[in-house]
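Trainee:
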Amino acid sequence: MDITTTNTNSANPSTNPDTPLFQPKAAIESVSFLGLGAMGHHMAKHLVGQFDRVMVWNRSFETAEAHAKQFGTQAVSLEQAVSADVIFSCLPTSDVVDSIIEQALPHMRANSVWVDCTSGVPEQAKQSQAKLAAIGCQFIDAPVSGQTAGADAGTLTVMVGAEAAALEYAKPAIDCFAGLIVHVGPSGAGFAVKAVNNTLFAINAWAAAEGLSVLKAHGVNPSAALSCINKASGQSFATLATFPDRIVNREFPKTFTLDLMAKDCGIAIDLQTEKKVPTPVMAQVASLIRAASNQQAPGTVDFSEFAKFYEMFTGITIEDD
Ligand code: NDP
């Protein structure tokens, strides 16, 4: 499925007379992907065969070379990668993206579009868009949801903050790994939606850990409780997938790390602080996820291990007897 809702409120990129006009080619010829981690590895493979040139770059270059061997992409230097018509990035944080953009700027071609699929900071997206617009390019914040399974299947939900013309040009490339693309607003809006989405997920997951622990204390196995909840009004993605597939079976497969979840919740809290919107539940859960994350070295455990942190509060393990 592929539905794009274009938000007509986004600003026109060419209203400032000092900004070079964004005049992309009629069709995308070359694409590149920066950051072949848990998500990027899969997302980049869907680009193969769709464009004349599909380049990949990764900090640990052997990862790019392995990708090229496995999928037929081209492992190239950062300088070469950022000369593509459409440049994708999927990196841990906006700070990492910013530092790569600084290195990339002298090597980018005018009229190219940078599609950042990192779960990033809205304000930093606006700054990147200003920098790229000044050289006749465009920056799109296009964070994704669907986990590594969605990246593998090419069915990710993509939340886009962008100028309409930039999205229109880059859309055939984004489509390669998307099940749904929604233009949610101007620069930064995609990152904002992603941060709130993940915080809602964290809230649901934390609440489910509490509920299942209470039930276990009363002698109800988590799997039995989930069988009911998942056909009733208390269901969420956390009860449908996270608990059965990661927590109750005690597998905790590492696909989305706890520090990245803590980062996303932190971005949502910064957004509420900026606009003085009281969000006591979001703030509480964001703080708890941060506390859980602080117990572990970054990048070492899956987000579902927040449940082990909560289990220290209760002394109850969320597994079946
Ligand atoms: P990973 O940790 O698996 O991969 C991170 C990638 O970034 C690697 O390619 C790594 O390179 C590179 N990298 C890390 N630090 C630097 C640096 N300083 N300079 C250059 N490259 C760097 O992350 P994910 O793929 O899981 O996540 C990427 C983004 O996607 C994050 O913002 C995350 O929040 C978001 N996301 C993740 C989901 C998931 O399920 N995993 C789902 C939806 C969004 P190297 O190989 O050299 O370490």
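Count along the sequence shown starting at 1, add 1, and that's the number in the working numbering.
We put the CB at the ideal spot given by N, CA and C, even for glycine.
Put S234 into one of helix, strand or coil per three-state DSSP.
Mentor: Looking up residue 234 in the sequence shown gives position 233. DSSP places S234 in coil when its eight states are reduced to three.
Trainee: Is G36 near the ligand NDP, with its Cβ less than 7 Å from a heavy atom?
Mentor: Here the question's residue 36 lines up with position 35 in the sequence shown. For the ligand NDP, at least one heavy atom lies less than 7 Å from the Cβ of G36.
Trainee: With DSSP as the reference, label Q139 as helix, strand or coil.
Mentor: Numbered from 1 along the sequence shown, position 138 holds the residue referred to as residue 139. Looking at Q139 - three-state DSSP - the assignment turns out to be strand.
Trainee: Please work out which residues of its chain come closer than 8 Å, Cβ to Cβ, to D322, disregarding the five sequence neighbours upstream and downstream, and give them in chain order.
Mentor: Taking the first residue of the sequence shown as 1, we reach residue 322 at position 321. Answer for D322: N222, listed in chain order.
Trainee: Assuming contact is defined by CB atoms lying nearer than 8 Å, are A1 and M56 in contact in what I supplied?
Mentor: Outside the shown range of the chain (2 to 322) lies residue 1, about which nothing can therefore be said.
Trainee: For a quick check, are the C-beta atoms of L272 and S120 less than 8 Å apart?
Mentor: Residue mapping note: residue 272 aligns to position 271 of the sequence shown, counting from 1. Residue mapping note: residue 120 aligns to position 119 of the sequence shown, counting from 1. No, the pair does not count as a contact, with Cβ atoms beyond the cut-off.
Trainee: On the DSSP letters alone, give me the boundaries of the alpha helix (DSSP H) that T200 sits inside.
Mentor: In the sequence shown, counting from the first residue as 1, residue 200 sits at position 199. T200 -> alpha helix (DSSP H) spans A190 to A218.
Trainee: From the DSSP output, in three-state form, read off T158 for me.
Mentor: By one-based count along the sequence shown, residue 158 stands at place 157. It is a strand residue.
Trainee: Candidates W115, G137, W207 and V197: which alpha carbon is nearest A163's?
Mentor: Sequence index remark: in the sequence shown, residue 163 carries index 162 (1-based). Ranking the options by Cα distance to A163, first place goes to W115.
Trainee: Tell me the residue span of the alpha helix (DSSP H) that contains M109.
Mentor: Your numbering for residue 109 matches position 108 in the sequence shown. Counting along the chain, M109 falls outside any alpha helix (DSSP H), and DSSP gives it neither H nor E.
Trainee: Whole-angstrom Cβ separation of I136 and L106, contact assumed at under 8 Å?
Mentor: Here the question's residue 136 lines up with position 135 in the sequence shown. Here the question's residue 106 lines up with position 105 in the sequence shown. Yes, they are in contact, since the Cβ atoms of I136 and L106 sit about 7 Å apart, within 8 Å.
Trainee: Pick from D246, V97, F178 and L48: whose alpha carbon is nearest that of G151?
Mentor: Indexing the sequence shown from 1 puts residue 151 at position 150. That would be F178, whose Cα lies nearest to the Cα of G151.
Trainee: Keeping to the same chain, check which residues put their C-beta closer than 6 Å to that of T315; ignore five residues upstream and five downstream.
Mentor: Within the sequence shown, numbered from 1, the residue matching residue 315 stands at position 314. These residues qualify, in order along the chain: S214.
Trainee: Would you say the beta carbon of Q273 is closer than 7 Å to some non-hydrogen atom of the ligand NDP?
Mentor: Translated into positions along the sequence shown, residue 273 becomes position 272. Incorrect: Q273 has no Cβ contact closer than 7 Å to the ligand NDP.
Trainee: Can you confirm whether the stretch 200-212 touches the stretch 278-286 when touching is taken to mean that 3 or more C-beta pairs between the two stretches lie within less than 8 Å?
Mentor: These segments touch.
Trainee: What are the residues that DSSP puts in a beta bridge with F88?
Mentor: Here residue 88 refers to the residue found at position 87 of the sequence shown. According to the sequence shown, residue 88 is Ile rather than Phe. In DSSP, I88 forms a bridge with S33 and W115.
Trainee: Report the rounded CA-to-CA distance for A263 versus A193, giving the unit in angstroms.
Mentor: Locating residue 263 in the sequence shown gives position 262, where the first residue counts as 1. Locating residue 193 in the sequence shown gives position 192, where the first residue counts as 1. Cα-Cα distance, rounded: 15 Å.
Trainee: Using a Cβ-Cβ cut-off of 6 Å (strictly less than) and excluding sequence neighbours within five positions of D265, which residues of its own chain qualify?
Mentor: Start at 1 with the first residue of the sequence shown, and residue 265 comes out as number 264. S120, A196 and N199, listed in sequence order.
Trainee: Can you check which of these residues, H219, A210 and L216, is closest to S237 by C-alpha distance?
Mentor: Residue 237 sits at position 236 when you count from the first residue of the sequence shown. Considering only alpha carbons, the answer is A210.
Trainee: Closest by CA to Q104, which one among L133, H219 and D176?
Mentor: Residue numbering aside, residue 104 sits at position 103 when the sequence shown is read from its first letter. Comparing Cα positions, the closest option is L133.
Trainee: Under 8 Å, do G36 and L79 count as touching if we go by C-beta distance?
Mentor: For the purposes of this step, residue 36 is identified with residue 35 of the sequence shown, where counting begins at 1. For the purposes of this step, residue 79 is identified with residue 78 of the sequence shown, where counting begins at 1. Contact flag unset, no.
Trainee: Residues in its own chain within less than 7 Å of A269 by CB, not counting five upstream and five downstream?
Mentor: As a first step, residue 269 must be located in the sequence shown, where it is residue number 268. So the list reads A196, V197, T200, M283 and A287, once near-sequence residues are dropped.
Trainee: Within the present structure, is the beta-carbon of S146 separated from the nearest heavy atom of the ligand NDP by less than 7 Å?
Mentor: Reading the sequence shown from its first residue, position 145 is the one you call residue 146. Yes - the ligand NDP has a heavy atom lying nearer than 7 Å to the Cβ of S146.
Trainee: What does DSSP give as the partner residues of G186 in its beta bridges?
Mentor: The residue you call residue 186 lines up with position 185 of the sequence shown. In DSSP, G186 forms a bridge with G162.
Trainee: Does the beta-carbon of F314, which I'm using as the reference point, lie nearer than 7 Å to any heavy atom of the ligand NDP?
Mentor: Stepping through the sequence shown from its first residue, residue 314 is reached at position 313. Checking the Cβ of F314 against the ligand NDP gives no.
Trainee: Can you tell me which of S188, K217 and R54 puts its alpha carbon nearest to the alpha carbon of P123?
Mentor: Counting from 1 along the sequence shown, the entry for residue 123 is found at position 122. Comparing Cα-Cα distances from P123 to each of S188, K217 and R54, the minimum goes to S188.
Trainee: Out of A292, V161, R60 and A208, which one is the CA nearest neighbour of V185?
Mentor: Here residue 185 corresponds to residue number 184 of the sequence shown, with the count starting at 1. Ranking A292, V161, R60 and A208 by Cα distance to V185 puts V161 first.
Trainee: V77 by DSSP, collapsed to three states: which one?
Mentor: For the purposes of this step, residue 77 is taken as residue 76 along the sequence shown, with counting starting at 1. Coil at V77, not helix or strand.
Trainee: To the nearest angstrom, how far is it from the Cα of F244 to the Cα of G267?
Mentor: Within the sequence shown, the letter at position 243 stands for residue 244. Within the sequence shown, the letter at position 266 stands for residue 267. Their backbone Cα atoms lie some 23 Å apart in a straight line.
Trainee: What's the gap between the Cα of E63 and the Cα of N295?
Mentor: Reading the sequence shown from its first residue, position 62 is the one you call residue 63. Reading the sequence shown from its first residue, position 294 is the one you call residue 295. Each residue's alpha carbon lies about 30 Å from the other.
Trainee: Thinking C-alpha only, which one of E275, T274, I248 and E320 is nearest F307?
Mentor: Translated into the one-based positions of the sequence shown, residue 307 becomes position 306. The option with the nearest alpha carbon to F307 is I248.
Trainee: How about F89 and F34: do their beta carbons lie closer than 8 Å?
Mentor: Position 88 of the sequence shown, counting from 1, holds the residue named residue 89. Position 33 of the sequence shown, counting from 1, holds the residue named residue 34. In contact: F89 and F34 (Cβ atoms closer than 8 Å).
Trainee: Using the Cβ count rule (16 or more neighbours within 10 Å means buried), how would you classify V98?
Mentor: For the purposes of this step, residue 98 is identified with residue 97 of the sequence shown, where counting begins at 1. Buried.
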